[in-house]
Structure formats: C-alpha cells, structure tokens
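Residue numbers (our numbering), protein chains in the order written: chain P, 10 to 339; chain U, 10 to 339.
No residue lacks a Cβ here, since even glycine has one placed at the ideal position from N, Cα and C.
Since this is a predicted model, take the numbers as computed values, not measurements.
Everything below concerns the one structure shown next.
Number of protein chains: 2
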Amino acid sequence: MTEIDPIVGELSEAQVLEAILRQIGPSSAEIGPGDDAAVLAAPGERIVATVDTLVHGPDFRLAWSGGYDLGWKSAAVNLADIAAMGARPTSLLVALAMPDTTPLSFVTALAAGLRAGCEALAPGCAVEGGDLTVSDTLTIAVTALGVLDGVRPVRRDGARPGDVVAIAGETGLAARGLGILFDRFRDAAGAPVPVDIAALRPGEADAITAQLRPTPPIGLGPVAARAGATAMMDVSDGLALDARRMATASAVTIDLASASIGGDVSAALAGGEDHALLATFPPGVPLPPGFHEIGAVGPAHAGEPLHVDGRAFDQRAGWDPYQDWDSARG
Amino acid sequence: MTEIDPIVGELSEAQVLEAILRQIGPSSAEIGPGDDAAVLAAPGERIVATVDTLVHGPDFRLAWSGGYDLGWKSAAVNLADIAAMGARPTSLLVALAMPDTTPLSFVTALAAGLRAGCEALAPGCAVEGGDLTVSDTLTIAVTALGVLDGVRPVRRDGARPGDVVAIAGETGLAARGLGILFDRFRDAAGAPVPVDIAALRPGEADAITAQLRPTPPIGLGPVAARAGATAMMDVSDGLALDARRMATASAVTIDLASASIGGDVSAALAGGEDHALLATFPPGVPLPPGFHEIGAVGPAHAGEPLHVDGRAFDQRAGWDPYQDWDSARG
C-alpha cells in the first residue's frame with residue numbers, strides 16, 4: 010500500500026497543527042501550545058528573547074535542505090543568539106508560512122528537526138507555541154526565549170583593551186559546505202540539485218552537514234558568562250564582520266591572529282552560519298574548556314577597528330541580506 | 010527639492026535598522042534592540058508569549074494597506090493574544106522579511122505603525138528586538154510577550170455550565186470593511202486598487218479602518234481575568250468558529266443569543282479580525298465594564314457544541330488559511 014502524503018491545502022489548520030504537535034512532543038510549560046499564548050517560567054524575573062527568520066531562496070534551497078534540516082537549523086541559529094547573551098534557552102515559538110502545496114511530510118519533518126535540534130543542542134528547550142499561515146514563499150520565523158540562571162547578561166559592547174579574544178565552535182566549515190553546494194550541486198541553468206552523496210570527497214559531507222545542520226556550542230554561552238566574559242556574540246555573518254561589530258560596539262580594536270583561527274582562515278573570516286561563540290575575557294582569566302584564544306583587544310584608534318595579524322583588515326566580508334541577495338541570480 | 014526614498018536593496022542592513030530604530034523610539038528594557046537578544050523584565054517569574062504572522066496576499070494587499078496600517082495591525086493582533094490570556098503586553102519582537110525593492114519609506118511607516126499601535130492599545134509595550142531579511146513575499150512575523158501582574162492566566166478550556174458568555178470589542182466590523190474592499194476596490198481583473206475615500210458611503214470608512222487598523226480592547230484582558238473570567242480568547246477567525254473552539258476545548262455547549270450580539274449578526278459570526286475578547290464568567294459575577302452578555306454555557310452533549318438561539322449552529326464559517334486561501338483567485 011502506498012503511503013499517503015497529503016499537501017497542507019487538502020487539510021485544515023487544525024489537522025496540520027495536530028501533526029506538528031505529535032512531532033514536537035509533550036510540553037513542560039505552564040501553558041504550552043494550543044491556547045492564544047503560552048505561559049512560560051521566567052526564573053529570576055528576566056527573560057532573554059530573540060527572533061530569526063529563514064526564507065526560501067536567500068537562506069535555503071529545498072533541493073539541498075529537507076524539512077528536518079530546516080527545523081534543526083532554524084532552532085540552532087536562534088539558540089545561538091540566546092547562548093551568546095550567556096543565557097540558557099528554554100522555549101521556541103515557531104511561525105511557519107508555507108505554500109498550500111507543501112507536503113505534510115515536509116511539515117512533520119521540520120517539526121522533528123526542531124525537536125531534535127533542541128534536544129541535541131539545548132536539552133530542556135522545546136517548542137511551546139507558534140503560528141501557521143499560507144504564503145507563496147516558505148518562511149520559518151523562530152523566536153527563542155531563555156533564562157539567565159543568575160548570571161549577568163553578556164553584551165557585545167563590553168570588550169576592553171587588554172582582554173583576550175576567544176572562540177568556541179566551528180569557523181568556516183558551514184561556509185565551505187555552502188561553497189560545495191553552489192559549486193557542484195547545481196544544474197546547467199544554475200538551479201540547485203540534490204546532493205549526490207557518492208560524489209562527495211573526504212570531509213565534504215561534514216562541511217555540508219555543518220551548513221545544513223549547524224551545531225553551535227549552546228551550553229558554552231552560560232559557561233563563558235560565568236567565567237567572566239566581558240563581551241560575546243554568535244558568529245552568524247563571518248568572523249570578520251562580527252568581530253568588527255563587536256569592536257565597534259565596544260569602542261576598541263580587535264586584533265585576530267590568523268594562525269590561531271585554524272583551518273581555512275579566509276573561510277572563517279568571510280563565512281558565517283557556524284554560529285560559533287566569539288567572546289572576550291579579562292586578561293589572566295583561564296579560558297573555559299571549549300574556547301581557544303584567537304586574538305587580543307586593544308584601544309580604539311581612528312580607522313579600521315578590526316586587525317588581522319596586526320594589520321587593518323578592511324575587506325568587506327560577510328553576509329548582508331539587502332546587499333548580497335539577488336533573487337534573479339540566486 | 011524632491012525627497013529621496015531609497016529602496017532597501019540600495020542600503021545596508023545596518024542603515025535599514027537605524028531608520029527603524031529611529032521610529033520605534035527609546036527602549037526601557039535592560040537590553041533592547043541591537044544585541045544578539047533582548048533582556049526583558051518578567052515580574053512574577055512568568056512570561057506570556059505568542060507569535061502571529063501577516064503575509065502579503067492571504068493577509069493583506071499593499072494596494073489597500075500602507076506600511077503604517079500593517080505595523081499597527083501586526084501589533085494589534087498579537088497584543089490581543091496576550092490580552093486574551095489575562096496578561097499585560099510588555100514587548101514585541103518583529104521579524105520582517107521583504108523584497109529588496111521595498112521603499113525605505115514603507116519600512117519606516119511600518120515601524121511608526123507598530124509604535125502607534127502599541128501606544129494606543131497597550132501603553133508601555135514597545136518593540137525590543139527583531140530580525141531583517143530579504144524575501145520575495147513581504148512577511149511580518151511579530152512575537153508579543155506579556156506579564157500577568159499576579160493574575161491567573163485565563164485559558165480557553167475553562168468555561169463551565171452555568172457560566173455567562175460575554176464579549177468586549179467590535180464583532181463583524183472588520184469583516185464588513187474587508188467586504189467593502191473586495192466588492193468595490195478591485196479592478197476589472199480582480200486586482201486590488203487603492204481606496205477612493207470620496208466614493209465611501211457613511212460608515213464605510215469606519216469599517217475599512219476596523220479592517221486595516223483594528224482596535225481590540227487590550228486593557229480589558231487583565232480586567233476580565235481579575236473579575237474571574239473562567240475562559241477567554243480573542244476572536245480572530247469569527248465568533249462562530251472561535252466560540253466553537255472554546256466550547257470544544259472546555260467540553261461544554263455555548264449558546265449565543267443573536268439579538269445580544271448586535272449589528273450584523275452573520276458578519277459577526279463569520280468574520281474575524283476585530284480581535285474582540287470572548288470570555289465566560291461565573292453566574293452572578295458582575296461583568297466588567299466593556300463586556301456585554303451574548304450567551305450562556307450549557308453542559309456538553311453529543312453533536313454540535315455551538316448553538317445560536319437554542320439551535321445547533323453547524324455552519325462552517327470563519328477563516329482557515331489552508332482551506333480558504335487561493336493564491337490564483339486572491
């Protein structure tokens with residue numbers, strides 16, 4: 010017997026929701042999915058909140074990313090923003106806008122990926138609410154909430170001259186994966202085609218997995234906060250662009266040592282989406298396990314706030330959605 | 010001199026963000042817009058959270074709705090979900106996905122509408138974070154957060170036999186406005202055209218305003234909770250569909266008295282988007298000012314859980330995104 014996979018246009022919103030709720034599992038919230046709003050615990054009387062959106066086209070291609078990948082990634086990128094404040098993620102709200110031709114199996118895979126991403130990266134965090142609507146463009150907007158467990162939130166503007174610059178997590182691997190997808194898995198007209206796993210060389214599968222299902226070190230965010238991190242952010246747009254943002258916000262100079270970055274330095278500087286945690290620590294503070302030193306903070310001076318190996322690094326590198334995306338070119 | 014109105018594709022994300030931040034005004038949060046995540050107060054150690062999305066096409070048409078209208082409406086619909094739990098809205102996070110051809114003036118008008126909607130409907134609530142990305146389909150996903158100020162959250166499943174059914178706010182007016190737009194402000198091919206204000210008959214402008222910039226009674230949510238409401242929800246998909254949801258969730262029958270609903274009863278039953286607050290109160294409890302009685306709760310029985318004037322009301326009425334939206338028909 011053939012498995013029936015309806016499209017969402019053949020179902021009611023309630024039926025689609027029911028299929029999603031089966032995947033995301035039981036809620037531990039005071040009021041979870043199903044009412045007008047969720048009611049969530051906020052110990053310490055503070056909540057950390059962020060939202061990030063994945064859009065078909067600029068942010069992903071369905072030929073390359075399945076529903077499970079997209080659920081995982083949309084969780085991971087938001088969990089990383091919570092971790093980058095030093096907080097522990099507790100809940101996600103997921104706004105899913107999709108064409109009415111979307112197969113239900115895609116939606117349930119997305120829900121399973123959200124759950125798996127939370128379980129792997131931030132155990133205890135779960136989907137507690139959301140919204141379903143129809144759209145010509147598949148769009149996944151995830152709100153993540155987190156709690157501080159008594160630590161002081163770590164801003165991006167707190168780096169001070171003399172601090173050590175450190176990083177936890179991959180840098181450049183997701184960008185390498187994206188490069189492989191764009192270089193090798195498109196047809197003659199440039200349209201994405203599914204990955205042929207048999208055609209991958211050693212290491213390439215890991216890079217593609219890093220792009221499709223990133224694994225930022227979420228648990229190290231609170232660890233860095235407790236260790237005294239003075240500034241922290243997640244690297245979503247490339248180490249160069251994000252380190253420059255941190256230096257500018259903190260009114261300091263950040264000098265990165267390319268030899269310490271490791272791997273493909275130019276991919277690390279230009280490529281985001283690994284969502285590594287970039288942090289600064291006061292001099293003499295032992296770096297928490299998982300972080301390694303990649304540079305130093307110096308005083309502000311006129312001109313470029315980012316240096317690499319002691320020289321101003323003013324290359325424009327990194328992703329800007331309004332300048333870098335061309336829907337015709339793709 | 011001509012005012013220059015760039016499109017967002019001519020600007021960096023930082024420039025677009027700066028223009029938005031100028032409109033939304035200063036933040037009173039511990040950490041507001043500009044970092045990886047916002048840090049917000051959650052007195053009482055609980056937070057109420059919801060997300061709702063407006064999508065170009067199914068949810069609005071740019072020929073009818075300007076940026077200011079959309080900002081206002083995207084705030085209002087989310088504030089209503091917070092109010093429907095008995096909570097007081099405190100913060101919004103706004104994920105905006107838009108074509109790179111979007112004029113900056115549209116974006117700043119949207120930000121101004123978000124601010125104005127908050128100021129008018131939920132003073133003290135403000136935009137504290139968000140996300141900007143590019144998309145072929147203009148999409149506005151708003152997360153609203155709120156606090157309970159010591160009241161018990163009001164679920165939709167708490168209605169009990171003997172309770173009084175009451176409502177606060179408009180019912181059917183936004184649907185009437187939508188009807189006017191669809192009937193009278195489309196071209197020969199069915200495409201929306203801007204409203205000609207001179208062509209409106211008495212009362213029609215109010216109905217269109219109710220559709221484009223709804224004014225749900227947000228402050229009455231906490232008032233109803235304090236008065237002892239046993240169940241509450243906002244009417245987003247029509248009184249019939251939402252009252253039936255409440256009856257089903259509560260395992261009761263709800264019987265509405267059409268003469269008490271007032272105005273255009275069939276528009277009220279079938280038309281949502283006014284975001285009135287539907288609530289049930291124990292018998293004998295004085296209804297808070299702003300609420301009026303529209304029916305009674307009875308015991309569950311086999312069959313249709315919604316009655317109108319004592320008879321089962323099983324008409325399918327109300328908005329379901331996957332069944333009701335046809336992108337070709339519009």
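- How would you list, in chain order, the residues of chain P whose beta-carbon sits under 7 Å from the beta-carbon of U:S74? Taking the first residue of the second sequence as 1, we reach residue 74 of chain U at position 65. In chain order: nothing, as chain P lies at least about 16 Å away.
- How long is the line joining the alpha carbons of P:L229 and P:A175, rounded to whole angstroms? Counted from its first residue, the first sequence places residue 229 of chain P at position 220. Counted from its first residue, the first sequence places residue 175 of chain P at position 166. Distance between the alpha carbons of P:L229 and P:A175 is about 12 Å.
- Task: Measure the Cβ-Cβ separation of P:A93 and P:M242 and say whether it is below 8 Å.
- Result: Walking along the first sequence from the start, residue 93 of chain P turns up at place 84. Walking along the first sequence from the start, residue 242 of chain P turns up at place 233. Yes, Cβ-Cβ distance for P:A93 and P:M242 is below 8 Å.
- Check the C-beta distance from P:A38 over to P:S114 and give it rounded, since I have them as a contact under 8 Å. Numbered from its first residue, the first sequence carries residue 38 of chain P at position 29. Numbered from its first residue, the first sequence carries residue 114 of chain P at position 105. Actually they do not touch by this definition, with Cβ atoms about 27 Å apart.
- Any chain U beta carbon closer than 8 Å to P:D318: If you number the first sequence from 1, residue 318 of chain P lands on position 309. False, the Cβ-Cβ gap to chain U never drops below 8 Å.
- Item | Same chain only: Cβ atoms within 6 Å of P:A337, ignoring 5 sequence neighbours per side | Position 328 of the first sequence, counted from the start, is the residue given in the question as residue 337 of chain P. With a pLDDT of 49 at P:A337, under the threshold of 50, the modelled position of this residue cannot be trusted; read the value that follows with caution. The answer is none, since no qualifying residue turns up.
- Does DSSP put P:P52 in a helix, in a strand, or in coil? Sequence index remark: in the first sequence, residue 52 of chain P carries index 43 (1-based). DSSP places P:P52 in helix when its eight states are reduced to three.
- With 7 Å as the C-beta to C-beta threshold (strictly closer), list the residues of the region 152-181 of chain U near chain P in chain order. So the close ones are T152, L154, P162, R164 and R165.
- Task: Kindly provide the ranges of any beta strand (DSSP E) runs that are 3 or more residues long and lie completely inside the region 83-155 of chain U, ordered along the chain.
- Result: 97-107 and 135-143
- Query: Mapping DSSP to helix, strand and coil, what is P:V17?
  - Reply: Looking up residue 17 of chain P in the first sequence gives position 8. Correct three-state label for P:V17: helix.
- Message: Residues of the region 277-300 of chain P in Cβ contact with chain U at a cutoff of 8 Å, in chain order, please.
- Response: Within the region 277-300 of chain P, no residue has a Cβ that lies closer than 8 Å to any Cβ of chain U.
- Item | Test item: CB-CB of P:A249 and P:A309 under 8 Å | Position 240 of the first sequence, counted from the start, is the residue given in the question as residue 249 of chain P. Position 300 of the first sequence, counted from the start, is the residue given in the question as residue 309 of chain P. Cβ distance not < 8 Å, so P:A249 and P:A309 don't count as in contact.
- Query: So, is P:P98 buried or exposed, given that buried needs 16 or more other C-beta atoms within 10 angstroms?
  - Reply: Against the first sequence, residue 98 of chain P aligns to sequence position 89. Buried.
- Item | For P:P231, three-class secondary structure by DSSP | In the first sequence, the residue the question calls residue 231 of chain P occupies position 222. Correct three-state label for P:P231: helix.
- Message: Along the chain, where does the beta strand (DSSP E) containing U:D251 start, and where does it finish?
- Response: Taking the second sequence and counting its residues from 1, one reaches residue 251 of chain U at position 242. That residue, U:D251, is in no beta strand (DSSP E); its alpha helix (DSSP H) goes L248 to S259.
- Item | Per DSSP, the bridge partner or partners of U:H316 | As a position in the second sequence, residue 316 of chain U is number 307, starting the count at 1. Beta-bridge pairing links U:H316 to U:D264 and U:A321.
- Message: Suppose the cutoff is 7 Å on Cβ atoms and the five residues either side in sequence are ignored; what does the same chain contact list for U:A305 look like?
- Response: Counting from 1 along the second sequence, the entry for residue 305 of chain U is found at position 296. For U:A305, where only same-chain residues beyond five positions count, the Cβ hits under 7 Å are V173, V174 and D264.
- Item | Inter-residue spacing [alpha-carbon to alpha-carbon] between U:R349 and P:D78 | This structure gives no information on residue 349 of chain U, because the portion of chain U shown stretches from 10 to 339.
- Message: What would DSSP say about U:M10, mapped onto helix, strand or coil?
- Response: One-based indexing of the second sequence puts residue 10 of chain U at position 1. Only weak support exists for where U:M10 lies, its pLDDT of 46 falling under 50; the coordinates are left without a value.
- Query: By how many angstroms is the C-alpha of U:G186 removed from the C-alpha of U:D196?
  - Reply: Your numbering for residue 196 of chain U matches position 187 in the second sequence. Your numbering for residue 186 of chain U matches position 177 in the second sequence. Inter-residue distance for U:D196 and U:G186 is about 17 Å (C-alpha atoms, whole angstroms).
- Leaving out the 5 sequence neighbours to the left and right, which residues in its chain are closer than 6 Å to P:L147 when beta-carbon positions are compared? The sequence position of residue 147 of chain P within the first sequence is 138, counting from 1. Spatial neighbours of P:L147 in its own chain (CB-CB distance under 6 Å, excluding positions within 5 residues in sequence) are listed in chain order as H65 and M107.
- Message: Please give me, in chain order, every unbroken run of the alpha helix (DSSP H) with length at least 4 that falls completely inside the region 268-307 of chain P.
- Response: 274-279
- Determine the extent of the alpha helix (DSSP H) in which U:V340 is found, giving its start and end residues. Nothing can be reported for residue 340 of chain U, as the shown portion of chain U is limited to 10 through 339.
- Task: Could you check what DSSP says for P:L221 in three-state terms: helix, strand or coil?
- Result: Reading the first sequence from its first residue, position 212 is the one you call residue 221 of chain P. In this structure, P:L221 counts as helix in the three-state DSSP scheme.
- Query: Distance, Cα to Cα, P:G53 vs U:I56?
  - Reply: Looking up residue 53 of chain P in the first sequence gives position 44. Looking up residue 56 of chain U in the second sequence gives position 47. In this structure, the CA atom of P:G53 is about 12 Å from the CA atom of U:I56.
- Task: Measure the CB-CB distance between P:G80 and P:A121 and report whether it falls below 8 Å.
- Result: Taking the first residue of the first sequence as 1, we reach residue 80 of chain P at position 71. Taking the first residue of the first sequence as 1, we reach residue 121 of chain P at position 112. Result yes, Cβ atoms of P:G80 and P:A121 sit closer than 8 Å.
- Query: Does the Cβ-Cβ distance between U:G199 and U:T110 come in under 8 Å?
  - Reply: Reading the second sequence from its first residue, position 190 is the one you call residue 199 of chain U. Reading the second sequence from its first residue, position 101 is the one you call residue 110 of chain U. Result no, Cβ atoms of U:G199 and U:T110 do not sit closer than 8 Å.
- Using three-state DSSP, classify P:F69 as helix, strand or coil. Against the first sequence, residue 69 of chain P aligns to sequence position 60. Looking at P:F69 - three-state DSSP - the assignment turns out to be strand.
- Excluding five sequence neighbours on each side, which residues of the same chain lie with their C-beta closer than 6 Å to the C-beta of P:G138? In the first sequence, the residue the question calls residue 138 of chain P occupies position 129. In chain order, P42, A47 and L102 place their CB closer than 6 Å to the CB of P:G138, counting only its own chain and leaving out the 5 sequence neighbours on each side.
- Item | U:F290 beta carbon less than 8 Å from that of U:A236 | For the purposes of this step, residue 236 of chain U is taken as the residue at position 227 of the second sequence. For the purposes of this step, residue 290 of chain U is taken as the residue at position 281 of the second sequence. Result yes, Cβ atoms of U:A236 and U:F290 sit closer than 8 Å.
- Given 8 Å as the limit, is there contact between the region 147-160 of chain U and the region 267-277 of chain U, that is, 3 or more CB pairs closer than that? no
- Message: In the DSSP output, what is U:L63 paired with across the bridge?
- Response: Counted from its first residue, the second sequence places residue 63 of chain U at position 54. DSSP lists U:I149 as the bridge partner or partners of U:L63.
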